[in-house]
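Position 157 (the sequence shown) corresponds to 207 in the working numbering; numbering is contiguous. For each residue, glycine too, the CB sits at the ideal point set by N, CA and C. Here the structure is laid out as structure tokens; the discussion comes afterwards.
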Amino acid sequence: MSEVLVLVDHADGAVKKPTYELLTIAKRLGEPSAVFIGAGAQGAEVAEKAKAYGAEKVYVVDDEQIKGFLVAPKAEVLQQLAEKVLSGGGGLAAILIPSTTEGKEIAGRLAIKLESGLITDAIDVADDGTTTQSVFAGNYTVTAKVTHGTPIVTVKPNSAAPQESAGAGAVEEFAATISDAAKGAQIVASQPRQATGRPELTEAAIVVAGGRGVGSQENFSVIEALADALGGAVGASRAAVDSGWMPHSYQIGQTGKTVSPQLYVANGISGAIQHRAGMQTSKTIVAVNKDDEAPIFELVDFGVVGDLHTVLPAVTEQVNKRKG
Ligand SMILES: Cc1cc2nc3c(=O)[nH]c(=O)nc-3n(C[C@H](O)[C@H](O)[C@H](O)COP(=O)(O)OP(=O)(O)OC[C@H]3O[C@@H](n4cnc5c(N)ncnc54)[C@H](O)[C@@H]3O)c2cc1C
């Protein structure tokens, strides 16, 4: 069976959930091989995790010589690895990359290097490699398939439920030759964002978002309390961000982040098209709005007409009670 390369999404060796989703998708297309570009010493630990989600092979690429050189070296690593697999004669069914900003840039560079077709922001990939994308602010669903070279597909978080299944997880170290051109830009300093203790917005299985109807920065505590009770992330509409109540990194929509959680709870959000663009592929949508004609209700699976300041604390209390 042909290999499917999956680029491991991680932060300093801590594997992120989209990796497991990609490995699950990879199994539909061929034999999953995880590609870990990071500290070599963490390779074995990462391999154990990837193996549990079906990785037959785990290529470990020590990033010592490319650390901090942005994305260009990673594209070269994948190019050389793909060429190695192809020259081995076993076949390469696809290369799956997380649809992050970095992932999409790596994918674009890789597609040029391998002269292969590229599909970005897929929300599903079928057994035959046909991808599904949600485009034009979510107004159209497009199915597409790469017809030239090795299909390179970037897949959005939450596009598949990760399924555990034991793979062989054979670790293979791979050393790429990185060109000087790929080392043209280097990160000289970075500072981690202050941790909130909540899941990353684009990866969260549950998102609780607030809009102008929340009324103030202080009132966002009701949104945060429900998010914490549910173990979810906090999001916001642009109106809430423009009002200075939440940072831009929380904005969901056309000019913010795109989320596709299992559960999206929109509170005091009217449901403008630009907001929908960032959340309408959520699996279950719940809205709390005091206006029963708010457009968000056209989208919902469950709607509550009411004042969020009354409804949310009551829901939070019930959730916390059930958690015991
Ligand atoms: C180019 C462009 C890009 C944009 N990009 C984005 C984007 O990325 N994301 C985004 O969100 N918007 C975006 N917008 C803005 C978008 O058009 C809307 O203006 C915005 O989404 C409205 O935010 P809102 O729903 O919070 O506010 P409003 O539309 O003002 O809605 C507030 C809602 O809260 C309800 N409400 C009020 N009080 C309560 C209460 N106590 N309890 C319950 N409900 C209450 C009201 O009934 C109302 O429905 C963009 C606009 C443009 C032109």
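From the DSSP output, in three-state form, read off PHE86 for me. Strand at PHE86.
Looking at the secondary structure, which residues open and close the beta strand (DSSP E) in which ASN189 lies? DSSP places ASN189 outside any beta strand (DSSP E), giving it a letter other than H or E.
Give every residue of the same chain whose Cβ lies closer than 6 Å to the Cβ of GLY153, excluding the five residues on either side of it in the sequence, and list them in chain order. Same-chain partners within the cutoff: ILE147 and THR204.
Output the residue ranges of the alpha helix (DSSP H) runs that lie fully inside the stretch 95 to 167 and measure 4 residues or longer, sorted by chain position. List check, alpha helix (DSSP H) in window: 122 to 137 and 151 to 164.
With a CB to CB cut of under 8 Å and the five nearest residues on each side skipped, what residues in its chain are close to GLU71? The beta carbon of GLU71 is closer than 8 Å to those of VAL205, PRO207, ASN208, SER209, ALA210, ALA211 and PRO212 in its chain, skipping five residues each way along the sequence.
GLY294: CB within 7 Å of a non-hydrogen atom of ligand 1: A distance criterion of 7 Å places the beta-carbon of GLY294 beyond contact range of ligand 1, judged by its closest non-hydrogen atom.
At what residue ranges does the stretch 262 to 308 contain a whole run of the alpha helix (DSSP H), taking only runs of 4 or more? Runs of the alpha helix (DSSP H) inside the stretch 262 to 308: 270 to 280 and 288 to 292.
Contacts around VAL111, its chain only, beta-carbon distance under 6 Å, and the 5 residues preceding and following it disregarded: So the list reads ILE87, VAL127 and PHE224, once near-sequence residues are dropped.
Is PHE224 helix, strand or coil when you go by DSSP? Secondary structure at PHE224: coil, using DSSP grouped into helix, strand and coil.
Alpha carbons only, please: which of THR334, HIS325, GLY318 and ALA239 is nearest the one belonging to LEU362? Out of THR334, HIS325, GLY318 and ALA239, GLY318 has the C-alpha closest to the C-alpha of LEU362.
Jot down the residue ranges of each uninterrupted beta strand (DSSP E) in the stretch 232 to 261, minimum 3 residues, whole runs only, in chain order. Every beta strand (DSSP E) stretch that sits fully inside the stretch 232 to 261 and reaches 3 residues is listed by chain position as 256 to 260.
Counting Cβ pairs closer than 8 Å, one from the stretch 341 to 351 and one from the stretch 298 to 308, do we hit at least three? The answer is no - the stretch 298 to 308 does not touch the stretch 341 to 351, with fewer than three Cβ pairs under 8 Å.
Just tell me which of VAL272, GLY138, THR308 and ALA259 has its CA closest to the CA of ALA289. Ranking VAL272, GLY138, THR308 and ALA259 by Cα distance to ALA289 puts ALA259 first.
Would you kindly report the start and end of the unbroken beta strand (DSSP E) that includes VAL350? Boundaries for VAL350: no beta strand (DSSP E) harbours it, and the DSSP string shows neither H nor E there.
Give the straight-line distance between the Cα atoms of VAL96 and GLY63, rounded to the nearest whole angstrom. GLY63 has its alpha-carbon roughly 7 Å from the corresponding atom of VAL96.
With a threshold of 7 Å, establish whether the CB of SER240 neighbours any heavy atom of ligand 1. No heavy atom of ligand 1 is found nearer than 7 Å to the CB of SER240.
Does the beta-carbon of PRO68 have 16 or more other beta-carbons within 10 angstroms, so that it is buried, or is it exposed? Burial of PRO68 is indicated by the presence of at least 16 other C-beta atoms within 10 angstroms of its C-beta.
Taking 7 Å as the cut-off, is the CB of GLN267 close to at least one heavy atom of ligand 1? If you check the C-beta of GLN267 against ligand 1, you find no heavy atom less than 7 Å away.
If you run the structure through DSSP and keep just helix, strand and coil, what is VAL175? Note: VAL175 maps to strand in three-state DSSP.
Determine contact between the stretch 77 to 86 and the stretch 132 to 149, defined as no fewer than three beta-carbon pairs at a distance below 8 Å. Touching, per the Cβ criterion.
In three-state DSSP terms, what is THR74? DSSP places THR74 in helix when its eight states are reduced to three.
Residue interval of the alpha helix (DSSP H) (run including VAL369): Counting along the chain, the alpha helix (DSSP H) containing VAL369 begins and ends at 358 to 373.
Hey, which residues come within less than 5 Å of ligand 3, measuring from Cβ to any heavy atom, in chain order? In the structure on display, ligand 3 does not appear, and the ligands it does have are ligand 1.
Taking all protein chains shown into account, decide if GLY294 is buried (16 or more other Cβ within 10 angstroms of its Cβ) or exposed. Exposed, since its Cβ has fewer than 16 Cβ neighbours within 10 Å.
Since GLU81 sits in a beta bridge, which residues does DSSP pair it with? Paired residues: GLU53.
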